[in-house]
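In this text, residue positions in the sequence shown follow this note's numbering: the first is 7, and each later residue adds one. See below for the structure under consideration.
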Amino acid sequence: MFPKVVFSRRFYLLTLANIFSKLGNSLSEIAIPLFVYQITGSAVATASVVAIAQLPNVLVGLASGPFIDKFSPRTVSMCCDGLNALTIMLIPLLFSVELLDTTILTLLVVLSKAIDVPGETAKQVLLPQIIKRDKLPQEKANGITAMTDNLADLLGPAIAGILIATIGALYVLVIDAATFALAVGLIYFGLRCHTKTDAAIKAKNAKSSFKQSWVYLRQHKGVWRLAVYSMLINIVACALLQLTLQVISQQYSINEAWLGFWFSAFAVGTSLTSIAYTFIGHRLSHLRLLQLTPIGQVFGLSVIFGAVLFSERLTATLPFLAEIWPVLIALGMFVYGVNLGVGSVIDNTLLQKWVPEPIQGTVFSIYTSLRWAGVPLGTMMAGYFLQRAETAWLFICFTILLFLAGFVWPKNKSFTAIEAAETTR
């Protein structure tokens, strides 16, 4: 049973707002690539839109941090979610009056991503502030946050898969816009009590600067290692979740409901690891988890590729097997999710322990930018191999990247020294 203090009002409302924001992102990550592929029929064109849309994660992230440190993270979160709702809503509105083409769609998706970066970072900064002020147990609070994020990941694909199969990918974006609007309302009305505290933080953090954050980063190599590790993991995850599965479902004429089921299986896996971390995270070795989970991800991807290969080789002669291989992909996504889910929880826990509060907004933004730096190239790589029907080479590249991530971290003594250096301020 969780300690009563974990369910403080501010923590609860921030968590609920985060659910709606994550739910919106989950819907758009499935609906937008699928919509682009349906209107273009090209994996490369779809990869280009997705890759261009990911550039703001790198560029905007570097600039948004100082604003979060200087201004209220509550205000930044509300403004970004509100603008995101309007931007997403423009897609179905312009399509309904026949003014939407690939260029305008790409611009709107890029704008949505650019707005989303500081909004998500602002919520990330709000969390450790609330943990500190309400005296919440850190591992449990982060575990609960991760569980609710995974709940959104679980519900989003399932809802998207059903809705896409019934009303089409485009109109799922209307629901997407509504989720961001709900997040704005929860932050505005629910965290009004946070305003005075925000004002104090604003005055305190106004003295912090982008330069000071880079000085901190130069002196603390653990954050850099964590960023490189997350970047390699993220390249594979984004290429798989935002492009590869959508294209495979279309190339093999799989009902969109299966796509939602695959994502839901992934979310079930990430949820299980988040639940486990919530209860026993303080007993686990962060180093061992960082080293071993990429290997588990490789195993999950092997099951997915085996299912695709199984379909290509056997369903032509044994049509009844066409109903089996999508189930195998769901199994592979579950295994992949089990091993990926703990990563984000560890990231948040280590960063909250290592980074001083006055520069958390800037450092978290820089970290996020580095984490996304390689994703556009990874997405274009996936589009290239999928367009050429060379799925085997794509999964080989995924495997290489994940093994490289596992070798980022040093031996136990070195990791212990890094943690000691980061937490000594």
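Beta carbons: idealized from backbone N, C-alpha and C, even for Gly.
Which residues mark the beginning and the end of the alpha helix (DSSP H) in which residue i is found?
{"i": "G412", "result": "T397 to G412"}
{"i": "W415", "result": "Element bounds for W415: n/a, residue is neither H nor E."}
{"i": "T250", "result": "Where T250 is concerned, there is no enclosing alpha helix (DSSP H), given that its DSSP letter is neither H nor E."}
{"i": "L96", "result": "P79 to S102"}
{"i": "K119", "result": "T108 to R139"}
{"i": "L22", "result": "R15 to T46"}
{"i": "Y258", "result": "Run containing Y258: none; DSSP gives neither H nor E here."}
{"i": "G384", "result": "V381 to Q393"}
So, is residue i buried or exposed, given that buried needs 16 or more other C-beta atoms within 10 angstroms?
{"i": "L392", "result": "buried"}
{"i": "W378", "result": "buried"}
{"i": "S277", "result": "buried"}
{"i": "E35", "result": "buried"}
{"i": "Q225", "result": "exposed"}
{"i": "I173", "result": "exposed"}
{"i": "P362", "result": "exposed"}
{"i": "K146", "result": "buried"}
{"i": "D353", "result": "buried"}
{"i": "D87", "result": "buried"}
{"i": "L357", "result": "buried"}
{"i": "V103", "result": "exposed"}
{"i": "W415", "result": "buried"}
{"i": "D155", "result": "buried"}
{"i": "A209", "result": "Legend: pLDDT at A209 = 47, less than 50; position of this residue unreliable, no value from coordinates given."}
{"i": "F370", "result": "buried"}
{"i": "S291", "result": "exposed"}
{"i": "I97", "result": "buried"}
{"i": "K138", "result": "exposed"}
{"i": "I286", "result": "exposed"}
{"i": "K202", "result": "The predicted position of K202 is uncertain, since its pLDDT is 46 and thus under 50; a value taken from the coordinates is nonetheless stated next. Classification for K202: exposed."}
{"i": "K119", "result": "buried"}
{"i": "A273", "result": "buried"}
{"i": "A152", "result": "buried"}
{"i": "L105", "result": "exposed"}
{"i": "A49", "result": "buried"}
{"i": "L265", "result": "buried"}
Taking the CB atoms as reference points, tell me whether residue i and residue j lie closer together than 9 Å.
{"i": "L99", "j": "I110", "result": "no"}
{"i": "V333", "j": "G275", "result": "no"}
{"i": "N90", "j": "G47", "result": "no"}
{"i": "F26", "j": "L192", "result": "yes"}
{"i": "M84", "j": "Y235", "result": "no"}
{"i": "F17", "j": "I136", "result": "yes"}
{"i": "Y390", "j": "A53", "result": "yes"}
{"i": "A282", "j": "V348", "result": "yes"}
{"i": "G343", "j": "T279", "result": "yes"}
{"i": "R108", "j": "V55", "result": "In the sequence under discussion, the amino acid at residue 108 is Thr, which differs from the Arg named in the question. Yes, they are a contact pair."}
{"i": "P79", "j": "V131", "result": "yes"}
{"i": "I58", "j": "T21", "result": "no"}
{"i": "I239", "j": "L376", "result": "no"}
Going along the chain, which residues of its own chain have a beta-carbon closer than 6 Å to the beta-carbon of residue i, five neighbours each way excluded?
{"i": "G380", "result": "M237 and I241"}
{"i": "I310", "result": "I335 and G338"}
{"i": "Y258", "result": "none"}
{"i": "V82", "result": "I74, P124 and A128"}
{"i": "V190", "result": "M84, D87 and G88"}
{"i": "A23", "result": "A189, L192 and I193"}
{"i": "S255", "result": "L265"}
{"i": "P134", "result": "Q358"}
Could you pull out every residue in the same chain whose Cβ sits closer than 7 Å to the Cβ of residue i, ignoring the five residues on either side in sequence?
{"i": "L29", "result": "A158, L161, G162 and T185"}
{"i": "A263", "result": "G167, I168 and A171"}
{"i": "G412", "result": "Q297, P300 and I301"}
{"i": "A175", "result": "A37, L40, F41 and Q44"}
{"i": "W268", "result": "L251, I335, A336 and M339"}
{"i": "L232", "result": "D353 and L356"}
{"i": "C260", "result": "Before going further, note that residue 260 is Ile rather than Cys in the sequence given. Answer for I260: P332, listed in chain order."}
{"i": "P62", "result": "V116, K119, A120 and V123"}
Enumerate in chain order the residues of its own chain whose CB-to-CB distance from residue i is below 8 Å, with the five nearest sequence positions on each side excluded.
{"i": "M387", "result": "A245, L400 and C403"}
{"i": "L2", "result": "Past the boundaries of the shown model lies residue 2; the chain is included only from 7 to 431, so the question cannot be answered."}
{"i": "A187", "result": "D87, G88 and A91"}
{"i": "L307", "result": "V242, L246, G338, Y342, F401, F404, T405 and L408"}
{"i": "A271", "result": "A336, L337, M339, F340 and G343"}
{"i": "T385", "result": "A53, V56, A57, Q60, C244, A245, Q248 and L249"}
{"i": "M95", "result": "L179, V180 and A183"}
How about residue i: is its Cβ closer than 8 Å to a heavy atom in the ligand HEM?
{"i": "I286", "result": "This structure does not include the ligand HEM; it has no bound ligands of any sort."}
Closest Cβ-Cβ distance between residue i and chain D: below 9 Å?
{"i": "P62", "result": "Absent from the structure: chain D. Only one protein chain is present."}
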